[in-house]
């Protein structure tokens, strides 16, 4: 029921980047379109920002959550421009771009010409020490194999093993691609994660040839003109004072928006009848009731399921599992750290038997993050099937990570300090059929709970630009339906 001529009340559940982006575009576009809306952001956390959390400590800029974003994904750059913080963007260090992968206890440089772990420069690929000669030969069979692309979705692991073989999947694809989701390749949907791989096979009959052609034919990266060349040429970007810069700017831009922080939503109640004052009531833990004509749910799938399950079938939300991870950041005195860096860090396949899954040489990759006489490392713990390590007690986790670092880098330096961030159930795992599942869920919501919408990392991508894009799309959809 729409209350003709009255202000539309929209409640955004979740104050992370998806919810904040949604609220920003709802506010801006409503004003542009001359529509009257009253926005309320509700979050059980006491502060806005969700997983984004920058710590300023002793001259260090430490990201306790996400640490950067892909520059080619423009929604975050466009939002930065609209917020007036584009001058705060910073590029990756030119001398901090080489990535390494561990094999047999040693670090090997990622072969040049690899695109998301797919070889496109076959000369450099054949020279790599990461794979055996048999493993390389098996990967190249992809160029001659017939296409066996299924009609529907399949797992990322099944697809890659079928096309380029198990050895390259185990030693390159798994640590690289699974690292993005902390996931199990055998369970992740290819269509929801890397659909360009499936398209390469369909169009060119070969993953390698298709990836080569996609690289050759793709339009040049259209970086906005207002960015300096240094930013245009960097694969990853961040902010000089950390990613919380964006949260602070959104907070400021949304000053007129009502907030209910530190008070979690416990129920969404539909109201019926012509006398109803609103379409829904959003019930908070404190007992407060917030009236809403539209509700946008941006929290993780398991929380969204708890709120919506009493009202509608949410089997698709229950199908999205989450993995728990932890970040362990260590600061060292450069004078005691007997190691120079020539890259961005390294990845660790499961087969290597270490506790860490990856390590970013943060002070070399991002020059703004550390004083010149210090070294900053960021290590990752936890992945699908191996989550208990992320939940170790602090002392045990610090010791485990330090032992791995000392072993891999052949150092005996002791950190000045260590910052641990645990993120339980933080990484959504997109199952096979995910895109069809979420489309079906949204169709069901529109039919059975009109005015209730879902968006966020559980649906259209885990990166910050993807969350911003999905938040913006949700805002436009809501306004179109007012």
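In UniProt numbering, the protein residues as written are 1 to 482.
Just so you know, even glycine gets a beta-carbon here, dropped at the ideal spot from N, CA and C.
Here the structure is a predicted model, which is why all the values come from computation and not from measurement.
Top-ranked residue by Cα proximity to residue 441, from 363, 457 and 317 = Within the chain shown, numbered from 1, the residue matching residue 441 stands at position 441. The shortest C-alpha separation from residue 441 is found at 317.
Provide the residue span of the beta strand (DSSP E) that contains residue 195, from first to last.
-> Your numbering for residue 195 matches position 195 in the chain shown. Careful: residue 195 lies outside any beta strand (DSSP E), inside the alpha helix (DSSP H) at 195–204.
One or two residues paired with residue 102 in a DSSP bridge = As a first step, residue 102 is located in the chain shown; it is residue number 102 there, counting from the start. Bridge partners of residue 102: 107.
Could you pull out every residue in the same chain whose Cβ sits closer than 8 Å to the Cβ of residue 448, ignoring the five residues on either side in sequence?
-> Counting from one through the chain shown, the residue named residue 448 turns up at place 448. When the five nearest sequence neighbours on each side are left out, the beta carbons in the same chain lying within less than 8 Å of the beta carbon of residue 448 are those of 311 and 312, in order along the chain.
Rounded straight-line distance, which links the Cα of residue 299 to that of residue 285 | Along the chain shown, one-based indexing puts residue 285 at 285. Along the chain shown, one-based indexing puts residue 299 at 299. Our two residues, residue 285 and residue 299, have alpha carbons roughly 16 Å apart in a direct line.
Top-ranked residue by Cα proximity to residue 192, from 428, 478 and 480 = In the chain shown, the residue the question calls residue 192 occupies position 192. Answer by Cα proximity: 428.
Residues in its own chain within less than 7 Å of residue 319 by CB, not counting five upstream and five downstream?
-> As a working note, residue 319 is residue 319 in the chain shown. If we look at residue 319 and ignore the five residues flanking it on each side, its Cβ neighbours are 431 and 437.
Cβ of residue 206 within 8 Å of Cβ of residue 167?
-> To locate residue 206, count along the chain shown from 1; it is residue 206. To locate residue 167, count along the chain shown from 1; it is residue 167. Annotated as distal: residue 206 and residue 167, with beta-carbon spacing of 8 Å or more.
With C-beta atoms as the reference, is residue 99 less than 8 Å away from residue 343?
-> Here residue 99 refers to the residue found at position 99 of the chain shown. Here residue 343 refers to the residue found at position 343 of the chain shown. In this structure, the beta-carbon distance from residue 99 to residue 343 falls below 8 Å.
From the DSSP output, read off the bridge partner residues of residue 237.
-> The residue labelled residue 237 in the question sits at position 237 within the chain shown. Beta-bridge analysis with DSSP links residue 237 to 69 and 91.
Using the beta-carbon count (16 or more within 10 Å), is residue 202 buried or exposed?
-> By 1-based counting over the chain shown, the position of residue 202 is 202. The residue in question, residue 202, is exposed, as its Cβ has fewer than 16 Cβ neighbours within 10 Å.
Near residue 249, what residues of its chain come up, given a Cβ to Cβ distance below 6 Å and the 5 sequence neighbours on each side ignored?
-> In the chain shown, counting from the first residue as 1, residue 249 sits at position 249. Answer for residue 249: 83 and 85, listed in chain order.
Whole-angstrom C-beta distance between residue 71 and residue 234, which should lie under 8 Å | Within the chain shown, residue 234 is the residue found at index 234, counting from 1. Within the chain shown, residue 71 is the residue found at index 71, counting from 1. Contact flag correct, Cβ pair sits at about 6 Å.
Any 3 or more C-beta pairs closer than 8 Å across the stretch 144–155 and the stretch 224–238 | Because the criterion of three Cβ pairs below 8 Å is not met, the stretch 144–155 and the stretch 224–238 do not touch.
With which residues is residue 423 paired in a DSSP beta bridge?
-> The sequence position of residue 423 within the chain shown is 423, counting from 1. DSSP output for residue 423 lists 325 as bridge partner(s).
Going along the chain, which residues of its own chain have a beta-carbon closer than 6 Å to the beta-carbon of residue 373, five neighbours each way excluded?
-> Here the question's residue 373 lines up with position 373 in the chain shown. For residue 373, where only same-chain residues beyond five positions count, the Cβ hits under 6 Å are 334.
Minimum length 3: unbroken beta strand (DSSP E) runs contained in the stretch 27–86 | Correct list: 37–43, 54–57 and 60–63.
Along the chain, where does the alpha helix (DSSP H) that runs through residue 374 open and close?
-> As a working mapping, residue 374 is identified with position 374 in the chain shown. In the DSSP annotation of this structure, residue 374 is not part of any alpha helix (DSSP H); the continuous beta strand (DSSP E) holding it starts and ends at 374–381.
Pick from 350, 456 and 187 that is closest to residue 382, judged by C-alpha positions | For the purposes of this step, residue 382 is taken as residue 382 along the chain shown, with counting starting at 1. Comparing alpha-carbon positions, the option among 350, 456 and 187 lying closest to residue 382 turns out to be 350.
Residue burial classification, residue 6 (beta-carbon count within 10 angstroms, cutoff 16) = Locating residue 6 in the chain shown gives position 6, counting from the first residue. Its Cβ having fewer than 16 others within 10 Å, residue 6 is exposed.
Taking the CB atoms as reference points, tell me whether residue 186 and residue 165 lie closer together than 8 Å.
-> The residue labelled residue 186 in the question sits at position 186 within the chain shown. The residue labelled residue 165 in the question sits at position 165 within the chain shown. Taking 8 Å as the Cβ cut-off, residue 186 and residue 165 do not qualify as a contacting pair.
Throw me the rounded Cβ distance for the residue 452 and residue 297 pair, which I believe falls under 8 Å.
-> Your numbering for residue 452 matches position 452 in the chain shown. Your numbering for residue 297 matches position 297 in the chain shown. With a contact defined as Cβ atoms closer than 8 Å, residue 452 and residue 297 qualify at about 7 Å.
Return the chain-ordered list of same chain residues with a C-beta closer than 8 Å to the C-beta of residue 387, the five sequence neighbours on each side being excluded.
-> As a first step, residue 387 must be located in the chain shown, where it is residue number 387. Closer than 8 Å at Cβ, skipping near neighbours: 323, 324 and 325.
Check whether the Cβ atoms of residue 258 and residue 40 sit closer than 8 Å, and answer yes or no.
-> Residue 258 sits at position 258 when you count from the first residue of the chain shown. Residue 40 sits at position 40 when you count from the first residue of the chain shown. By the CB criterion at 8 Å, residue 258 and residue 40 fall inside the cutoff.
So what does DSSP say about residue 222, is it helix, strand or coil?
-> For the purposes of this step, residue 222 is taken as the residue at position 222 of the chain shown. Coil.
Could you have a look at residue 292 and say whether DSSP puts it in helix, strand or coil?
-> Within the chain shown, residue 292 is the residue found at index 292, counting from 1. In the structure shown, residue 292 sits in a strand (DSSP, three-state: E or B).
Let me know if residue 174 comes out buried or exposed under the rule of 16 or more other beta-carbons within 10 Å of its beta-carbon.
-> Position 174 of the chain shown, counting from 1, holds the residue named residue 174. Label assigned to residue 174: buried.
Straight-line Cα distance separating residue 262 from residue 268 = Along the chain shown, one-based indexing puts residue 268 at 268. Along the chain shown, one-based indexing puts residue 262 at 262. Just so you know, the alpha carbons of residue 268 and residue 262 end up roughly 17 Å apart.
Quick one: is residue 495 buried, meaning 16 or more other Cβ sit within 10 Å of its Cβ, or exposed?
-> The question about residue 495 has no answer, for the chain in this structure spans 1 to 482.
Boundaries (first-last residue) of the beta strand (DSSP E) holding residue 346 | Counted from its first residue, the chain shown places residue 346 at position 346. Residue 346 -> beta strand (DSSP E) spans 345–347.
At which residues does the beta strand (DSSP E) containing residue 468 begin and terminate?
-> Residue 468 sits at position 468 when you count from the first residue of the chain shown. Here residue 468 belongs to no beta strand (DSSP E); instead the alpha helix (DSSP H) covers 464–481.
Cβ-based burial, residue 116 [other Cβ within 10 Å; buried from 16] = On the chain shown, position 116 is the one that residue 116 refers to. Exposed: under 16 other Cβ atoms inside 10 Å.
State the DSSP-derived secondary structure class of residue 453, mapped to helix, strand or coil.
-> As a position in the chain shown, residue 453 is number 453, starting the count at 1. In this structure, DSSP gives residue 453 an extended state, which the three-state scheme calls strand.
Rounded to a whole number of angstroms, what is the C-alpha to C-alpha distance between residue 19 and residue 12?
-> For the purposes of this step, residue 19 is identified with residue 19 of the chain shown, where counting begins at 1. For the purposes of this step, residue 12 is identified with residue 12 of the chain shown, where counting begins at 1. One C-alpha to the other measures close to 6 Å.
Under 8 Å by Cβ, that's how I've got residue 89 and residue 239 pegged, so tell me the actual separation to the nearest angstrom.
-> As a working mapping, residue 89 is identified with position 89 in the chain shown. As a working mapping, residue 239 is identified with position 239 in the chain shown. Rounded, the Cβ-Cβ distance is 6 Å, consistent with contact.
Answer yes or no: does any C-beta atom of chain D fall closer than 8 Å to that of residue 65?
-> Absent from the structure is chain D; it holds one protein chain and no more.
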